[in-house]
Every structure is written in structure tokens, then in C-alpha cells.
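Residue numbers (my numbering): 13 to 453. Working notes for the structure below.
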Amino acid sequence: MAFDSLSEKLQNVFKNLRSKGRLTEEDVKAALKEVKMALLEADVNFKVVKNFVKTVQERAVGQDVMNSLTPGQMVIKLVNEELVNLMGSETTEIALKPSNEITVIMMCGLQGAGKTTTTAKIAGKLKQKGRRPLLAACDIYRPAAIEQLKVNGEKQGVEVFSMGTSHKPVDIAKAAIEHAAAHNENVVILDTAGRLHVDEDMMGELQEIKENIDIDQTILVVDSMTGQDAVNVAKTFHEKIEIDGVILTKLDGDTRGGAALSIRAVTGCPILYVGMGEKLSDLEQFYPDRMASRILGMGDVLTLIEKAEAEIDQDKAREMEKKFRKAEFDFNDFLEQIGQMKKMGGIKSILGMMPGMGLPADLDIDDDVFKGTEAIIYSMTPEERGNPALINPSRKKRIAKGAGVDIAEVNKLIKQFEQSRKMMKQMSGMMSGKGKKKGRF
Ligand code: GDP
13 MAFDSLSEKL
23 QNVFKNLRSK
33 GRLTEEDVKA
43 ALKEVKMALL
53 EADVNFKVVK
63 NFVKTVQERA
73 VGQDVMNSLT
83 PGQMVIKLVN
93 EELVNLMGSE
103 TTEIALKPSN
113 EITVIMMCGL
123 QGAGKTTTTA
133 KIAGKLKQKG
143 RRPLLAACDI
153 YRPAAIEQLK
163 VNGEKQGVEV
173 FSMGTSHKPV
183 DIAKAAIEHA
193 AAHNENVVIL
203 DTAGRLHVDE
213 DMMGELQEIK
223 ENIDIDQTIL
233 VVDSMTGQDA
243 VNVAKTFHEK
253 IEIDGVILTK
263 LDGDTRGGAA
273 LSIRAVTGCP
283 ILYVGMGEKL
293 SDLEQFYPDR
303 MASRILGMGD
313 VLTLIEKAEA
323 EIDQDKAREM
333 EKKFRKAEFD
343 FNDFLEQIGQ
353 MKKMGGIKSI
363 LGMMPGMGLP
373 ADLDIDDDVF
383 KGTEAIIYSM
393 TPEERGNPAL
403 INPSRKKRIA
413 KGAGVDIAEV
423 NKLIKQFEQS
433 RKMMKQMSGM
443 MSGKGKKKGR
453 F
């Protein structure tokens with residue numbers, strides 16, 4: 013899978029950080045050094061890595077990470093935010109004109125990058141959006157490319173316009189636009205010719221098309237498996253013909269991910285889509301935030317949120333949030349939370365989607381882990397659950413007996429409870445501070 017090795021390395025770095033509890037500035041520095049190594053091994057552009065680590069380091073010092081309650085988590089949060097920034101922060105769509113006008117998209121890229129396949133994939137996406145695309149075969153050097161476009165176009169149920177190999181690409185493009193106008197098609201996608209390497213002829217041809225035709229979007233297709241070569245290709249194309257966005261293909265086979273992490277920072281051009289396989293449906297919109305989550309092994313937080321929204325009583329959740337903020341929650345609320353967790357599919361399913369929880373597949377944990385805790389809480393009187401401070405040593409003994417556990421278990425639970433209450437209080441102070449980004453962590 014994409015990013016596997018980078019992901020594994022980063023997760024190891026963070027596992028060490030988390031296990032430390034308190035961190036010194038040296039710990040953070042050492043961890044960031046490892047992050048740097050991991051990024052370089054993933055073939056991320058050297059300058060990009062240098063800036064990345066510098067920014068995280070500066071932010072870590074600036075935000076007084078070392079004095080926070082969870083310094084390890086704070087560092088991970090910063091790395092996550094900077095990864096998102098690196099990949100462009102927001103999702104960029106292919107800009108289309110209104111449906112009653114024709115949008116012209118020029119696809120370009122080196123031979124073998126996946127241009128022709130991607131052209132057909134994009135046509136499928138546009139069709140799904142209710143557009144009527146026309147594919148234009150402008151690669152006059154490879155009859156096989158024209159044939160491939162026809163086959164793929166047919167699979168997508170999209171018309172392919174071709175004039176064979178004896179006309180100039182710019183003339184084919186012009187004729188295709190006229191054809192689209194006459195046939196009520198509103199997006200023309202030009203599949204241009206690639207070369208094995210960047211060369212003057214290819215650039216000249218693309219420039220000629222751009223000079224003679226109103227191109228709305230110039231999209232470059234690059235093979236992510238070529239790493240920094242892909243980044244250099246993107247840089248050159250952008251300098252010569254100005255591109256509006258990049259599509260990264262073959263991310264499904266790219267365990268390193270260096271191109272995905274560098275292209276935006278090096279060229280300033282957004283990644284629009286990523287190719288995740290050979291099938292015509294294997295094209296995914298590029299979400300920088302979801303990609304960062306994947307890289308950091310933070311699981312599918314979005315799915316978790318969607319699930320929570322579907323299962324949790326919103327009023328109760330708001331009430332609970334208020335209690336958390338004021339650190340007023342008690343053992344009754346704790347029981348309520350265990351119930352909610354069970355409703356959301358049980359602890360294992362939730363942990364699997366939680367940030368920072370790379371769960372081993374054979375993890376043997378189920379909701380029974382709460383049984384002991386529940387038994388202790390049920391042995392308390394309702395007053396005690398509401399105010400654990402009432403529980404004196406003799407009551408502790410009785411509670412332990414009632415729950416069938418050792419008194420040490422009762423002490424532990426009460427202590428943990430007091431600690432989390434204290435932590436909530438400090439966190440709520442932190443969250444209401446300046447600079448908090450909503451919606452992350
Ligand atoms: P072009 O020369 O740039 O037009 O490249 P093609 O569209 O002919 O693609 C070259 C090869 O890459 C073909 O075998 C495609 O099936 C394959 N390919 C394209 N995109 C992807 C992708 O996202 N993932 C994988 N695994 N293969 C891809």
C-alpha cells in the first residue's frame with residue numbers, strides 16, 4: 013500500500029515519544045531527526061524536508077510543548093498539521109466552466125506515466141458529475157495510444173474524437189472543440205503525446221496548443237513511483253507551459269510517497285487526484301488531511317466521526333462535553349460513556365479508528381475489560397458516584413467486596429478518575445487558549 017514504509021517509520025518514532033510521558037527539548041530534537049531521516053528515505057525533496065522539520069521544531073518550541081500534559085501527542089499534532097500544509101491544506105477540484113459552455117482540459121505528461129488511462133478515468137468522474145465529456149486523441153505518434161483511448165472511452169461510455177495520425181495536434185484539438193459544440197458535449201479532454209523524457213519538441217507542441225486554443229485547465233500526469241523525478245518533471249512542465257494541477261498515478265504501488273509529499277511544495281501546484289490502480293474506477297480525489305492521517309497511521313477519524321454522529325444522542329453529547337470542560341463529570345457519566353462506546357461497535361472497533369492506535373490484527377481486547385470497572389461503579393451508592401470524594405476507606409472496602417475485587421482495584425480506579433478529571437481541567441484551559449484549530453484532534 014501507498015506510504016507503507018514511511019508510515020511504519022513515523023509510527024515507530026511516535027511510539028517512542030508517547031511512551032516517554034515527559035519530554036525534554038532533546039527528546040523532541042532527536043525525534044524530529046528521525047522524522048527527517050524517514051522523510052528523506054521516502055524520497056521527499058531535501059529542501060522540503062529541511063523546511064518541514066524546521067517549521068515543526070519552531071512551532072514545538074513556540075507552543076511550549078514540553079510543558080504540556082501530553083507532549084508526545086502535541087508533537088504528533090504539529091507533524092500532522094505540517095504534513096497537511098505540505099500537501100496543500102485543501103482539496104482542489106478541476107475548475108469547470110458552467111455546463112452551457114465548453115471547458116477544455118489539456119492532459120500532458122511523459123510516456124508511461126498513465127496519461128491515457130487517467131484521461132479516461134477523469135472522463136468517468138466528469139460523467140458522474142453530470143457533464144458530457146469528449147475525449148480527443150491528440151497523440152499522433154503512437155497509433156496504439158489512439159486505440160487505447162478508444163477502448164477506454166468506450167468502457168466509460170464516452171465518445172472519442174480522432175483524426176488519425178496525419179494532422180497536427182493543434183488542428184485535431186480545434187476540430188474536437190467544434191465537434192463537441194455540434195454534439196452538445198461540454199468538456200473536451202485532450203490526450204496529448206508524451207515522450208520518454210522532457211524534450212523541446214514535446215514542450216513546443218504543448219505550447220503551440222496553448223497559444224492557439226483557449227485551454228481552461230492544463231493537467232500534468234506523473235508517475236508517483238518515480239519519486240523525485242516526478243517532482244522534477246512537474247517543475248519543468250510548470251515552468252514551460254504553466255500547469256493548473258497534477259494527477260499522481262500509481263500511488264497504489266508507491267510505498268515511499270516522496271512525490272506526493274514534495275510536488276505541492278516544490279511547484280506550488282495542487283494535486284487534484286491520485287491513481288490507485290489500473291482499473292478505470294481507481295482514481296481518488298486527493299484530500300491532504302486524509303492523506304496525512306493515513307501516513308501517520310491515525311486511522312480513519314472521519315469514519316469514526318460519521319459513526320459517532322449516527323449513534324450518539326447529540327444532546328447528551330453536548331451535555332457531556334460541558335461537563336468535561338468544567339471537569340464536572342462523575343462516575344455516572346463514566347457508566348454512560350461505556351454504554352455509548354458499546355453502542356458504537358465496541359472498544360476494539362473504536363480503537364481501530366482512533367488517532368495513534370495502530371492496532372495489531374490479533375489484539376485480543378473486548379468490552380469485558382470494562383466489566384470490573386462497571387462492577388465497582390455499580391457497588392457505589394448514587395451519591396458516591398456523583399461525588400467520589402465521599403468514599404472513605406471503610407466504604408472502599410465494602411465496594412471492593414460488593415464488586416468482588418481487591419481493594420487495590422478500587423483505589424486505582426478512584427485515583428485514575430481523579431487524575432483524568434484534573435487532566436480535563438487543564439486541557440479545557442488549553443483548548444480555550446489562542447491558536448486552537450477547530451476540528452483537529
Ligand atoms: P501513458 O503512456 O502516459 O498514456 O500511460 P498509460 O495510460 O498507457 O499507462 C501506462 C501503464 O500504467 C498502464 O499499464 C496502466 O494500466 C498503468 N497505470 C496507469 N495508472 C495507474 C495507477 O494509478 N496504478 C497502477 N497500478 N497502474 C496504473
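The beta-carbon is built from N, C-alpha and C at its ideal position, and this holds for glycine as well.
Exercise. With 16 as the cutoff for other CB atoms within 10 Å, does Ser174 come out buried or exposed?
Worked result: By 1-based counting over the sequence shown, the position of residue 174 is 162. Buried.
Problem set entry | Continuous alpha helix (DSSP H) stretch holding Met86: start and end | Position 74 of the sequence shown, counting from 1, holds the residue named residue 86. Met86 -> alpha helix (DSSP H) spans Pro83 to Leu98.
Exercise. Would you say Ser391 reaches chain B, if we count a Cβ-Cβ gap shorter than 8 Å as a contact?
Worked result: Given the protein chain composition of this structure (a single chain), no chain B is represented.
For this session: Taking Ala149 and Val172 to be in contact with their CB atoms under 8 Å, please state how far apart those CB atoms are, rounded to whole angstroms.
Result: The residue labelled residue 149 in the question sits at position 137 within the sequence shown. The residue labelled residue 172 in the question sits at position 160 within the sequence shown. About 6 Å; that satisfies the 8 Å criterion.
Problem set entry | Exposure label - Asp211; buried when at least 16 CB within 10 Å | Translated into the one-based positions of the sequence shown, residue 211 becomes position 199. Exposed.
Problem set entry | Residues of its chain near Ala277, where Cβ-Cβ distance is below 6 Å and the 5 sequence neighbours each way are ignored | In the sequence shown, the residue the question calls residue 277 occupies position 265. The residues are Val60 and Leu98.
Exercise. Any chance the CB of Thr261 is under 7 Å from a heavy atom of ligand 1?
Worked result: To locate residue 261, count along the sequence shown from 1; it is residue 249. Within the cutoff, so yes.
Problem set entry | Span of the alpha helix (DSSP H), counted from its first residue to its last, around Pro512 | Only positions 13 to 453 of the chain appear in the structure, and residue 512 is not among them; the question remains open.
Exercise. Whose CA, out of Leu232, Gly351 and Leu218, lies closest to the CA of Thr454?
Worked result: The first residue shown for the chain is 13 and the last is 453, placing residue 454 beyond what the model contains.
Exercise. Pick from Tyr390, Glu159, Ser432 and Arg207: whose alpha carbon is nearest that of Gly124?
Worked result: Walking along the sequence shown from the start, residue 124 turns up at place 112. Out of Tyr390, Glu159, Ser432 and Arg207, Arg207 has the C-alpha closest to the C-alpha of Gly124.
Exercise. From Leu161 to Ser17, what distance separates their C-alpha atoms?
Worked result: Here residue 161 corresponds to residue number 149 of the sequence shown, with the count starting at 1. Here residue 17 corresponds to residue number 5 of the sequence shown, with the count starting at 1. For Leu161 and Ser17, the distance between alpha carbons rounds to 34 Å.
Exercise. Comparing the CB of Val182 with every heavy atom of ligand 1, is any distance shorter than 7 Å?
Worked result: Numbered from its first residue, the sequence shown carries residue 182 at position 170. Incorrect: Val182 has no Cβ contact closer than 7 Å to ligand 1.
For this session: Below 7 Å CB to CB, which residues in the same chain sit around Lys27 once its five sequence neighbours on both sides are set aside?
Result: Position 15 of the sequence shown holds residue 27. The answer is none, since no qualifying residue turns up.
Exercise. So is the beta-carbon of Gln297 under 7 Å away from any non-hydrogen atom of ligand 1?
Worked result: By one-based count along the sequence shown, residue 297 stands at place 285. No; taking the cut-off as 7 Å, the Cβ of Gln297 has no heavy atom of ligand 1 nearer than that.
For this session: Report buried or exposed for Phe249, applying the criterion of at least 16 other Cβ atoms within 10 angstroms of its Cβ.
Result: Taking the sequence shown and counting its residues from 1, the one referred to as residue 249 is at position 237. Buried, because 16 or more other Cβ atoms sit within 10 Å of the Cβ of Phe249.
Problem set entry | Proximity below 8 Å, CB of Arg397 to CB of Ile389 | In the sequence shown, counting from the first residue as 1, residue 397 sits at position 385. In the sequence shown, counting from the first residue as 1, residue 389 sits at position 377. It is a contact, given that the beta carbons lie within the stated cut-off.
Exercise. Are the CB atoms of Ile275 and Ala304 nearer to each other than 8 Å?
Worked result: Residue numbering aside, residue 275 sits at position 263 when the sequence shown is read from its first letter. Residue numbering aside, residue 304 sits at position 292 when the sequence shown is read from its first letter. In this structure, Ala304 does not lie closer than 8 Å to Ile275 by Cβ.
Exercise. Whole-angstrom Cβ separation of Val199 and Leu108, contact assumed at under 8 Å?
Worked result: Position 187 of the sequence shown, counted from the start, is the residue given in the question as residue 199. Position 96 of the sequence shown, counted from the start, is the residue given in the question as residue 108. About 7 Å separates the two Cβ atoms, so the contact holds.
For this session: Would you kindly work out how many angstroms separate the C-alpha atoms of Arg143 and Gln229, rounded to a whole number?
Result: Stepping through the sequence shown from its first residue, residue 143 is reached at position 131. Stepping through the sequence shown from its first residue, residue 229 is reached at position 217. Computed Cα separation, rounded: 16 Å.
For this session: Please confirm whether Leu218 and Ile253 have their CB atoms less than 8 Å apart.
Result: Position 206 of the sequence shown, counted from the start, is the residue given in the question as residue 218. Position 241 of the sequence shown, counted from the start, is the residue given in the question as residue 253. Contact flag set, yes.
Exercise. How long is the line joining the alpha carbons of Ala412 and Phe429, rounded to whole angstroms?
Worked result: Translated into the one-based positions of the sequence shown, residue 412 becomes position 400. Translated into the one-based positions of the sequence shown, residue 429 becomes position 417. So the alpha carbons of these two residues sit roughly 16 Å apart.
Problem set entry | Terminal residues of the beta strand (DSSP E) in which Met49 lies | As a first step, residue 49 is located in the sequence shown; it is residue number 37 there, counting from the start. Unbroken run through Met49 is the alpha helix (DSSP H), Glu37 to Glu53; no beta strand (DSSP E).
Exercise. Helix or strand or just coil, what does DSSP make of Ala246?
Worked result: Reading the sequence shown from its first residue, position 234 is the one you call residue 246. Residue state, collapsed to three classes: helix.
Problem set entry | Under the three-state DSSP convention, the category Thr67 falls into | Taking the sequence shown and counting its residues from 1, the one referred to as residue 67 is at position 55. Thr67 falls in the helix class under three-state DSSP.
Problem set entry | Rounded C-alpha distance that separates Ile184 from Ile152 | Here residue 184 refers to the residue found at position 172 when the sequence shown is read from its first residue. Here residue 152 refers to the residue found at position 140 when the sequence shown is read from its first residue. Rounded to whole angstroms, Ile184 to Ile152 spans 10 Å at the Cα level.
For this session: Can you say whether Val243 is buried or exposed, counting buried as having 16 or more other CB atoms within 10 angstroms of its CB?
Result: Locating residue 243 in the sequence shown gives position 231, where the first residue counts as 1. Buried, since its Cβ has 16 or more Cβ neighbours within 10 Å.
Exercise. Cβ of Lys66 within 7 Å of any heavy atom in ligand 1?
Worked result: By one-based count along the sequence shown, residue 66 stands at place 54. Lys66 Cβ: outside cutoff for every heavy atom of ligand 1.
Problem set entry | Same chain only: Cβ atoms within 6 Å of Leu146, ignoring 5 sequence neighbours per side | Here residue 146 is taken as the residue at index 134 of the sequence shown, counted from 1. Within the same chain, Leu146 has close Cβ partners Glu171, Phe173, Ala192, Glu197 and Val200.
Problem set entry | Straight-line gap, Val65 to Asn224 (C-alpha atoms, nearest Å) | By one-based count along the sequence shown, residue 65 stands at place 53. By one-based count along the sequence shown, residue 224 stands at place 212. Cα to Cα, the separation comes out at about 44 Å.
Exercise. Tell me, which residues are paired with Cys281 by DSSP?
Worked result: What you label residue 281 is simply residue 269 of the sequence shown in a count that begins at 1. In DSSP, Cys281 forms no bridge with anything.
For this session: Report whether the distance from the Cβ of Asp345 to the nearest heavy atom of ligand 1 is below 7 Å.
Result: Reading the sequence shown from its first residue, position 333 is the one you call residue 345. For ligand 1, not one heavy atom lies less than 7 Å from the Cβ of Asp345.
For this session: Could you name the residues of the same chain whose beta carbon sits closer than 6 Å to that of Pro133, not counting the 5 residues immediately before and after it, in chain order?
Result: Within the sequence shown, residue 133 is the residue found at index 121, counting from 1. It should be pointed out that residue 133 corresponds to Lys in this sequence rather than to Pro. Contacts found: Leu292 and Leu295.
For this session: Could you tell me which residues DSSP pairs with Gln229 in its beta bridges?
Result: The count along the sequence shown starts at 1 and reaches residue 229 at position 217. Beta-bridge pairing links Gln229 to Ile117.
Exercise. Would you call the CB atoms of Leu29 and Gly84 closer than 8 Å?
Worked result: As a working mapping, residue 29 is identified with position 17 in the sequence shown. As a working mapping, residue 84 is identified with position 72 in the sequence shown. Going by C-beta atoms, Leu29 is nearer than 8 Å to Gly84.
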